[in-house]
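Read in order, the letters of the sequence shown are residues -37 to -1, 1 to 562 in mature numbering (1 follows the signal peptide of the UniProt record, and there is no 0). Where is the CB? At the ideal position from N, CA and C, for every residue including glycine. Each remark here refers to the structure printed beneath this line.
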Amino acid sequence: MVQREKKVRAGVAAGATGALVAASALVALAAAPSATAAVGNPYEGATQYVNPDWREDVLEAADVAGGSLGEDMRAIADEPTFVWMDRIQAIEGIDRQHGLEWHLDQAVAQAGSSPLVFNIVIYDLPGRDCFALASNGELPATDEGMERYKTEYIDAIVEILDRPEYENLRISAVIEPDSLPNMVTNMSHQPCQEAAPYYREGVRYALDRLHEVGNVYSYIDAAHSGWLGWPDNASGSAQEFASVVEGSTYGWDAVAGFVTNTANSTPLEEPFLTNPNLQVGSGQVRSAEYYEWNPDFDEIDWTADLYDRMVAQGAPSRIGMLIDTSRNGWGGSERPTSVSSSSDLNTYVNESRVDRRTHRGAWCNPDGAGIGERPTVSPSGYAESHLHAFVWVKPPGESDGASEEIPNDEGKSFDRMCDPTYQADKLGGAYTGALPNAPLSGWWFQDQFEMLVANAYPPIGDGGPDPDPTDDPTDDPTDDPTDDPTDDPTDDPTDDPTDDPGTGDCVATLEVVNDWGSGFQGQITVTGGSGGTSGWTTQFTLPTGTTIGSLWNADYSVNGSTVTASDVGWNGTLNAGQSTSFGFTANGTAPSSTAVTCS
């Protein structure tokens, strides 16, 4: 992982937080403003704020990566991203980002005389992330924590947003990621039971106070399809969301809509899995191991489902949806280009799905993910989802959590879901699929960013896959599942796995999966020999002048043009014929063919 020195970004907000709180305490509760901040789509007819802090990180990352990969990074440096207020200190500014007032001043300058949306994440509830550890917050789930949330956090933010110099901005606020969804599915967990009343009270308070500003559009976080898509979870979510909103002072007037997939990598669409009830082999597609009877395969499914449920619960029909597409593209060589022809249900699903995670519950720095759709206003083709925009809530390149314990003063604990060596019960015993060498959540993660850009879908620059699959996903999904159920499963199961692996401890092959001219992305697959292997080391030689940019899922060293890469423990033991892989990016010419030794 490439390390860079931390940038010191001093906040320029006038006075200390205590002064802000004192000032906000002098502001009497105003009469309810008009509902204009909850009517229509705030993104229509407006530009969005480009965060200079994130832009600087991207440009530095581009300099590190170099070549065409670096050029692709520069091509997205001016995309709009959200500013996260993830602790009280962030209001004034922390070492990695400027304070709220500074960002708003920049937004006013960017706007000029035109409408501009300033995107902000409200994220500091008492007992935050009650079912996870990587993003635990600073405030305990106590009455004292609730009081600090109101006075030192929400009131302080509102005092700044409510200043006259910012009244022409359209402020889009994502409200407390993961909070209310935890009230739906994780109430058997003691920390969530303790946090529940504070979550509901805190979200109501945030909605009310932000609404009083007059130009804030609040979107309540609604998790993602792989969390809430089951009918029982979806129904419970709609009831929970409606109960919280209707228990607030201003009710639905204070809500612009909902946001899904925040900081997650669930695909926007599964282009080859369009019918959850399709019968393949032994069952319906939704009954496959990967979907576990959840009929909402992607975020288009979930937003359409959620919209109908919320309107049925009494929400006004004007509500809209945002989808975070910052890293749900799943491009690269592993992306399927056509529907599977297998008659085995699980094989059919696994060969057809673009979501390459080990499990839909794997959320931390998932290996293989890519940047998704660029921020887009009122994206067409999804009428049932009532979309206001595709947005980048989670700035690409910011870590979800550390892959090992890192002492810190941010209240963030080590979560094994961020550890690539962990086989999680929550994931049915599967490995997490998380990237190694990850820093604390919110910190810059160079390896992740290089992967996200290389695997972007639609691709950012030249050399990527065609963004429009040429195979019609609905052409023949039912042609073959029952035709020849035994034709292929038993044809050649032993043809290749024992050919070369049986001659030694392991064999390895290299594939160039993406080539952009001045650089490339490679993948090396290691397969266990006839006796298996309990640790492997590969070696290969790059063309003269070609250098490694980053390498993941292996430890490596370079001597001249020779690269030596070894397992990282969790992927070192392979049974006969079993395979694992690691990837890398390189600057320079891609090899036409390269021998890889394995021992």
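message = Going by beta-carbon coordinates alone, are Q153 and N82 separated by less than 9 Å?
response = Along the sequence shown, read from residue 1 onward, the residue named residue 153 stands at position 190. Along the sequence shown, read from residue 1 onward, the residue named residue 82 stands at position 119. Going by C-beta atoms, Q153 is not nearer than 9 Å to N82.
ask   = Considering only residues of the same chain and omitting the five flanking positions on each side of T536, which have a CB-CB separation below 6 Å?
value = If you number the sequence shown from 1, residue 536 lands on position 573. Excluding residues within five positions, the ones whose Cβ falls inside 6 Å are S497.
task = Assess, as a yes-or-no matter, whether the segment 342 to 355 is touched by the segment 37 to 47 under the definition of 3 or more beta carbon pairs within less than 8 Å.
result = yes
ask   = Alpha carbon to alpha carbon, how far is P370 from S376?
value = In the sequence shown, residue 370 corresponds to position 407, counting from 1. In the sequence shown, residue 376 corresponds to position 413, counting from 1. Approximately 8 Å, taken between the alpha carbons.
ask   = If you draw a straight line from the C-alpha of Q502 to the C-alpha of V559, how long is it?
value = Counting from 1 along the sequence shown, the entry for residue 502 is found at position 539. Counting from 1 along the sequence shown, the entry for residue 559 is found at position 596. Straight-line Cα distance between these residues: approximately 6 Å.
request  = Inspect the beta-carbon positions of E233 and F260 and report whether they are closer than 9 Å.
outcome  = As a working mapping, residue 233 is identified with position 270 in the sequence shown. As a working mapping, residue 260 is identified with position 297 in the sequence shown. In contact: E233 and F260 (Cβ atoms closer than 9 Å).
key: Contact between the segment 195 to 207 and the segment 256 to 276 (3+ Cβ pairs under 8 Å)   = yes
request  = Count the other C-beta atoms from every protein chain shown that fall within 10 angstroms of the C-beta of A346, then say buried if there are 16 or more, exposed otherwise.
outcome  = The residue you call residue 346 lines up with position 383 of the sequence shown. The residue is exposed, with fewer than 16 neighbouring Cβ atoms inside 10 Å.
ask   = What residues match up with N477 in a beta bridge as DSSP calls it?
value = Stepping through the sequence shown from its first residue, residue 477 is reached at position 514. Answer is Q484, bridged to N477.
ask   = Which value, in whole angstroms, describes the spacing of the CA atoms of D68 and C469?
value = For the purposes of this step, residue 68 is taken as residue 105 along the sequence shown, with counting starting at 1. For the purposes of this step, residue 469 is taken as residue 506 along the sequence shown, with counting starting at 1. The alpha-carbon atoms of D68 and C469 are separated by roughly 59 Å.
inquiry  = Measuring CB atoms only, is the segment 281 to 289 touching the segment 220 to 231, in the sense that at least three cross pairs come out at less than 8 Å?
reply    = With the cut-off at 8 Å, the segment 281 to 289 and the segment 220 to 231 touch.
message = With a threshold of 8 Å, are at least 3 pairs of Cβ atoms found where one atom belongs to the segment 70 to 82 and the other to the segment 22 to 42?
response = no
ask   = Do S228 and P144 have their C-beta atoms closer together than 9 Å?
value = As a first step, residue 228 must be located in the sequence shown, where it is residue number 265. As a first step, residue 144 must be located in the sequence shown, where it is residue number 181. In this structure, P144 does not lie closer than 9 Å to S228 by Cβ.
request  = Assign P506 to one of two classes, buried (16 or more other C-beta atoms within 10 Å of its C-beta) or exposed (fewer than that).
outcome  = Position 543 of the sequence shown, counted from the start, is the residue given in the question as residue 506. Looking at its Cβ environment, which holds fewer than 16 other Cβ atoms inside 10 Å, P506 is exposed.
request  = Within its chain, find whatever has a CB closer than 6 Å to the CB of P452; leave out the 5 residues flanking it on each side and keep chain order.
outcome  = Against the sequence shown, residue 452 aligns to sequence position 489. Reliability fails at P452, whose pLDDT of 34 lies under 50, so the model's placement of it is uncertain and no value is given.
Cβ-Cβ separation, S188 to E262 (assumed contact under 8 Å), whole Å = Numbered from 1 along the sequence shown, position 299 holds the residue referred to as residue 262. Numbered from 1 along the sequence shown, position 225 holds the residue referred to as residue 188. About 6 Å; that satisfies the 8 Å criterion.
key: Three CB pairs or more closer than 8 Å across the segment 541 to 551 and the segment 503 to 523   = Yes, they touch.
inquiry  = How far does the alpha helix (DSSP H) with M109 in it extend, from its first residue to its last?
reply    = Taking the first residue of the sequence shown as 1, we reach residue 109 at position 146. Run containing M109: 106 to 111, per the alpha helix (DSSP H) assignment.
message = Cutting at 6 Å between CB atoms, please list the residues of its own chain near L350, excluding the five before and the five after it.
response = Here residue 350 is taken as the residue at index 387 of the sequence shown, counted from 1. Correct list, in chain order: M284, P342.
message = If I measure Cβ to Cβ from N149 and keep anything under 8 Å in the same chain, skipping five residues before and after, which residues do I get?
response = Translated into the one-based positions of the sequence shown, residue 149 becomes position 186. Cβ neighbours of N149 beyond the five flanking positions: C93, F94, C155.
query = Looking only at DSSP bridge pairs, what is Y311 linked to?
reply = Here residue 311 refers to the residue found at position 348 when the sequence shown is read from its first residue. Partner(s): none; Y311 has no beta bridge.
task = Determine the burial state of N4: buried for a count of at least 16 other Cβ atoms within 10 Å of its Cβ, exposed for fewer.
result = Taking the sequence shown and counting its residues from 1, the one referred to as residue 4 is at position 41. Classification for N4: buried.
ask   = What three-state label does DSSP hand T509 in the structure shown?
value = Position 546 of the sequence shown, counted from the start, is the residue given in the question as residue 509. Correct three-state label for T509: coil.
query = When you compare only the Cα positions, how much space is there between G246 and A417?
reply = Numbered from its first residue, the sequence shown carries residue 246 at position 283. Numbered from its first residue, the sequence shown carries residue 417 at position 454. In a straight line, the C-alpha of G246 is about 36 Å away from that of A417.
key: DSSP bridge partner residues for W326 (one or two, in chain order)   = In the sequence shown, the residue the question calls residue 326 occupies position 363. Beta-bridge pairing links W326 to no other residue.
query = Is I134 helix, strand or coil by DSSP?
reply = Numbered from 1 along the sequence shown, position 171 holds the residue referred to as residue 134. Strand, per DSSP.
key: Sub-9 Å separation of N131 and V71 beta-carbons   = As a working note, residue 131 is residue 168 in the sequence shown. As a working note, residue 71 is residue 108 in the sequence shown. Contact: yes.
Outcome for W326 when other beta-carbon atoms lying within 10 angstroms are tallied against a minimum of 16 = Along the sequence shown, read from residue 1 onward, the residue named residue 326 stands at position 363. Under this definition W326 is a buried residue.
query = Smallest Cα separation from G165: which of D87, A53, V176?
reply = For this step, residue 165 is matched to residue 202 along the sequence shown. Taking only the C-alpha atoms, the option nearest G165 is D87.
request  = Give every residue of the same chain whose Cβ lies closer than 6 Å to the Cβ of N257, excluding the five residues on either side of it in the sequence, and list them in chain order.
outcome  = Within the sequence shown, numbered from 1, the residue matching residue 257 stands at position 294. The residues are G192, W193.
request  = Return yes when the Cβ of V312 is within less than 9 Å of the Cβ of E252, no when it is not.
outcome  = The sequence position of residue 252 within the sequence shown is 289, counting from 1. The sequence position of residue 312 within the sequence shown is 349, counting from 1. Going by C-beta atoms, E252 is nearer than 9 Å to V312.
key: Beta-carbon proximity list for R172, same chain, < 6 Å, skipping 5 on both sides   = Against the sequence shown, residue 172 aligns to sequence position 209. Correct list, in chain order: I117, V121.
key: Spatially closest choice to V475 from T300, P127, D382, A553, by CA coordinates   = Locating residue 475 in the sequence shown gives position 512, counting from the first residue. The shortest C-alpha separation from V475 is found at A553.
inquiry  = Bridge partners for V243 per DSSP, in chain order?
reply    = In the sequence shown, the residue the question calls residue 243 occupies position 280. Its beta-bridge partners are G246.
request  = Please report how far the alpha carbon of A119 lies from the alpha carbon of S304, in whole angstroms.
outcome  = Counting from one through the sequence shown, the residue named residue 119 turns up at place 156. Counting from one through the sequence shown, the residue named residue 304 turns up at place 341. Take the alpha-carbon of A119 and the one of S304: they are about 57 Å apart.
message = Out of V27, W499, G508, which one is the CA nearest neighbour of D518?
response = As a first step, residue 518 is located in the sequence shown; it is residue number 555 there, counting from the start. Comparing Cα-Cα distances from D518 to each of V27, W499, G508, the minimum goes to W499.
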